[in-house]
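0 is the number of the first residue of the sequence shown in numbering that gives the first Met the number 0; add one for each residue after it.
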Amino acid sequence: MLLLLTCLNPETRNLIMVQKTKKNSVEITEVGNIIDIKKDVITVSGIPNCVFGELLDFESGDKGLVIEFDEKRIVALLMGSGINAKAGDKAVSRGDLFRVPVTDKLVGRIVNALVKPMDGKGPIKPSAYNPVFKDAPAIMSRVPITESLETGIKILDTMIAVGKGQRELIIGDRQTGKTTIAMDAVINQKGKDVVCIYCWIGGSYTSMVKIIEALNGKGAMDHTIIVAAPASASSTEQYLAPYTASAIGEHFIEQKKDVLVVFDNLTRHAWIYRQIALLLNRSPGREAYPGDIFYVHSQLMERACRMNPKIGGSMTFLPIADTLQGDITGYVQTNLVSMTDGQIYTSAVLFNEGFRPAVDIGLSVSRIGSKVQSAALKEVSVQLRLEYAQFKELQKLTKMRAKISSEIAKKISRGQTLTEILIQPANAPISEMEEILIFYAFDVGVLDPFGREEIVKFEKNILKFMKEKHSEILGEIKITKELTPEIKQSINKAFMEFFKEHELLI
Ligand code: ATP
Ligand code: MG
0 MLLLLTCLNP ETRNLIMVQK TKKNSVEITE VGNIIDIKKD VITVSGIPNC VFGELLDFES
60 GDKGLVIEFD EKRIVALLMG SGINAKAGDK AVSRGDLFRV PVTDKLVGRI VNALVKPMDG
120 KGPIKPSAYN PVFKDAPAIM SRVPITESLE TGIKILDTMI AVGKGQRELI IGDRQTGKTT
180 IAMDAVINQK GKDVVCIYCW IGGSYTSMVK IIEALNGKGA MDHTIIVAAP ASASSTEQYL
240 APYTASAIGE HFIEQKKDVL VVFDNLTRHA WIYRQIALLL NRSPGREAYP GDIFYVHSQL
300 MERACRMNPK IGGSMTFLPI ADTLQGDITG YVQTNLVSMT DGQIYTSAVL FNEGFRPAVD
360 IGLSVSRIGS KVQSAALKEV SVQLRLEYAQ FKELQKLTKM RAKISSEIAK KISRGQTLTE
420 ILIQPANAPI SEMEEILIFY AFDVGVLDPF GREEIVKFEK NILKFMKEKH SEILGEIKIT
480 KELTPEIKQS INKAFMEFFK EHELLI
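#1: How is Ser489 classed by DSSP in three states: helix, strand or coil?
#2: Can you name the start and end residues of the alpha helix (DSSP H) that Gln389 belongs to?
#3: Measuring only from the beta carbon, is Lys391 closer than 7 Å to any heavy atom that is part of the ligand MG?
#4: Could you name the residues of the same chain whose beta carbon sits closer than 6 Å to that of Gly52, not counting the 5 residues immediately before and after it, in chain order?
#5: Please state the DSSP three-state secondary structure of Gly63.
#6: Based on Cα-Cα distance, which residue from Arg384, Ser373 and Ile420 lies nearest to Leu482?
#7: Which of the three DSSP states, helix, strand or coil, is assigned to Lys89?
#8: Are there 16 or more other CB atoms within 10 angstroms of the CB of Met495, so buried, or fewer, so exposed?
#9: Leaving out the 5 sequence neighbours to the left and right, which residues in its chain are closer than 7 Å to Ile144 when beta-carbon positions are compared?
#10: Ignoring anything shorter than 3 residues or poking outside the region 126–154, list the beta strand (DSSP E) runs there in chain order.
#11: Can the beta-carbon of Ala90 be found closer than 8 Å to that of Ile33?
#12: Is Leu3 buried or exposed, if buried means 16 or more other CB atoms sit within 10 Å of its CB?
#13: Indicate, with yes or no, if the ligand ATP has a heavy atom lying under 7 Å from the CB of Ala538.
#14: Inspect the beta-carbon positions of Val185 and Ala219 and report whether they are closer than 8 Å.
#15: Hey, Ala347 and Val331: beta-carbon distance below 8 Å or not?
#16: Taking all protein chains shown into account, decide if Thr243 is buried (16 or more other Cβ within 10 angstroms of its Cβ) or exposed.
#17: Using a Cβ-Cβ cutoff of less than 8 Å, which residues in the same chain neighbour Ala127 once the five nearest sequence positions on both sides are dropped?
#18: Is the CB-CB distance between Thr339 and Leu64 below 8 Å?
#19: How do the region 307–322 and the region 168–183 stand: do at least 3 beta-carbon pairs fall below 8 Å, yes or no?
#20: Suppose the cutoff is 8 Å on Cβ atoms and the five residues either side in sequence are ignored; what does the same chain contact list for Gly414 look like?
#21: Gly216 lies in the alpha helix (DSSP H); which residues open and close that run?
#22: Which stretch, first to last residue, makes up the beta strand (DSSP E) that contains Lys71?
#23: Could you tell me whether any non-hydrogen atom of the ligand ATP is closer than 7 Å to the CB of Arg451?
#24: In the structure shown, what three-state DSSP assignment does Ile159 receive?
#25: Less than 6 Å between C-beta atoms, sequence neighbours within five positions excluded: which residues of the same chain meet that for Cys198?
#26: Leaving aside the five residues before and after Asp447 along the sequence, list all residues of the same chain whose C-beta is less than 7 Å from its C-beta, in chain order.
#27: Nearest-angstrom Cα distance between Tyr344 and Ala86?
#28: With burial defined as no fewer than 16 other Cβ atoms inside 10 Å of the residue's Cβ, what is the status of Thr328: buried or exposed?
#29: Taking the alpha-carbon of Gly201 as reference, which of Arg273, Asn351 and Thr28 has the nearest alpha-carbon?
#30: When you compare only the Cα positions, how much space is there between Ile210 and Met158?
#31: Applying the criterion that 16 or more other CB atoms from any shown protein chain within 10 Å of the CB defines a buried residue, is Glu29 buried or exposed?
#32: Go to Val101, then tell me how far its beta strand (DSSP E) extends in each direction, as first and last residue.
#33: Are the CB atoms of Pro130 and Ala246 nearer to each other than 8 Å?
#34: So the candidates are Thr179, Glu149 and Leu113; which of them puts its Cα closest to the Cα of Gln188?
This is the structure we're talking about:
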């Protein structure tokens, strides 16, 4: 590289270097100085031509990310340890935007927010560099969401179906099973050609290790990338992690793949951003968050998309948010509710009652919902929400009255059966075919006389039985994707055979 010219900018009196590169092009760099360092926030003077998201090189070897500037100074977030950086050091701007290395080989790896490997499995050879802050895809390149993202969780797939390209918020108090729901959705993508990205923000290192172990145990790491920014990581990394996860996801979308990204969790991301904002002397607004916290999350959420199949794949987001004592009216929480396509609300009361996953159907919604379900699943689940809501109301009313009519008693008993069916252990997602069979059985009422034990026995064995003895019925459902009267008749017969064989008496 040949140094051609070094001069002072006459207006700002900062250093400008013009260099000739190997490719015979000219590179202009500006050189300024660090004037202040506060934790991860570095103030620099003398670089007037910068843009948001640009990368700065410091004399100490660290890098900085421009997040704020005015005519006189730039504020950058420090990337790296920054132990050697000090006031007075040189800061060089080359006009590069911050990009992270991406490659297909990231699948199965654990990386930090700068996509540096954290699993000791060796370096990652990038095939491209993607910008971390990228505009969301334009409307014209998107298509409506029509395909479902099967979570394998009965209560979600039937009543709060999630589509590929949707943003569905998982919100609830601490320890109510939010992470477990997201993990199950990831586990269920095994063999479905969906690349999953689990982005861990601000949580403890040990909890993250537990999640990775659980995913590994279920063979889910084969299709998953972990972007790890635990509480021990720098605030810059915790702030960047969700954008990095999206940038990695965008690499796979370009290859027309479907991507699922979990952000666990955005409440802690908001806390980190609040900390950074306080260091930047920004005036605190509602709940002490800076005014642009909405933008910080909305620019992220807009990146979820279902692209025109000619251009790319889809990216589904499952952001997670904490509530305090069931209060979903918090500032960050309401922001997130307004910028997503629905929310799954987990309730501490239901969780403690043993109803797990503790999804509160009354407060949960998916604005895509039944539009993406297969005809068969839609048919067996169309009545469930109403039936369950009625059961909950009747249950409340009948607590006060001793005498109830036989009709109401029947409705309550059916509601109890439905409750038993909706209970599902952690990390045990089931296939769509199992869901169709189970909810068809509930729909026609063959499970009504049974208690918990028999229902569990039915759920465990029915698919195996059908595969062994009536694979032709399953084949027909797969082809037609609906339950024709003939298929229904055959299933009814098969159910009777099953009950006889397993000595379940109706
Ligand atoms: P935090 O707010 O601390 O992040 P969380 O809401 O993410 O908590 P989880 O960590 O997913 O909650 O779950 C809390 C506990 O409940 C875990 O021990 C988990 O194993 C258990 N749990 C979650 N879902 C179920 C389930 N469906 N069946 C049985 N146990 C469950
Ligand atoms: Mg959690």
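Even glycine gets a Cβ: it sits at the ideal position worked out from N, Cα and C.
According to the structure data:
#1: Here Ser489 sits in helix by DSSP.
#2: Segment Leu383 to Thr397, the alpha helix (DSSP H) holding Gln389.
#3: For the ligand MG, not one heavy atom lies less than 7 Å from the Cβ of Lys391.
#4: Once the five neighbours on either side are set aside, the close Cβ partners of Gly52 are Leu96, Phe97 and Phe132.
#5: DSSP places Gly63 in strand when its eight states are reduced to three.
#6: Closest option to Leu482, Cα to Cα, is Ser373.
#7: Residue state, collapsed to three classes: strand.
#8: With fewer than 16 Cβ atoms within 10 Å of its Cβ, Met495 is classed as exposed.
#9: Cβ-Cβ distances below 7 Å link Ile144 to Gly162, Lys163, Gly164, Gln165, Arg305, Ile367 and Val371 in the same chain, with the five nearest sequence neighbours on each side left out; the list follows chain order.
#10: DSSP runs (the beta strand (DSSP E)) wholly in the region 126–154: 127–130.
#11: At a Cβ-Cβ threshold of 8 Å, Ala90 and Ile33 count as neighbours.
#12: Its pLDDT being 46, under 50, Leu3 is placed unreliably by the model, and the measurement read from it follows with that caveat. Residue burial annotation: Leu3 is exposed, with fewer than 16 other C-beta atoms found within 10 angstroms of its C-beta.
#13: In the structure as shown, the chain begins at 0 and stops at 505. Residue 538 is therefore absent and cannot be evaluated.
#14: In this structure, Val185 places its C-beta atom within 8 Å of the C-beta atom of Ala219.
#15: Not a contact, by the Cβ cut-off of 8 Å.
#16: Classification for Thr243: buried.
#17: Result list for Ala127: Pro100, Val101, Thr102 and His250, in chain order.
#18: Going by beta carbons, Thr339 and Leu64 fall outside the 8 Å limit.
#19: Counting Cβ pairs under 8 Å, three or more are found: they touch.
#20: Within the same chain, Gly414 has close Cβ partners Glu386, Tyr387, Gln389, Phe390, Lys391, Leu393 and Gln394.
#21: Here the alpha helix (DSSP H) through Gly216 covers Tyr204 to Gly216.
#22: Looking at the DSSP string, Lys71 is not in any beta strand (DSSP E), and its letter there is neither H nor E.
#23: It does not: the Cβ of Arg451 is nowhere closer than 7 Å to a heavy atom of the ligand ATP.
#24: Coil.
#25: Excluding sequence neighbours, Cys198 sits near Val226, Ala240, Pro241, Ala244 and Phe262.
#26: Ser412, Arg413 and Thr416, listed in sequence order.
#27: Here the alpha carbons of Ala86 and Tyr344 stand approximately 48 Å from one another.
#28: It counts as exposed.
#29: Nearest option by C-alpha distance: Arg273.
#30: Cα-Cα distance, rounded: 26 Å.
#31: Label assigned to Glu29: buried.
#32: First-last of the beta strand (DSSP E) with Val101: Arg98 to Val101.
#33: Yes, Cβ-Cβ distance for Pro130 and Ala246 is below 8 Å.
#34: Ranking the options by Cα distance to Gln188, first place goes to Glu149.
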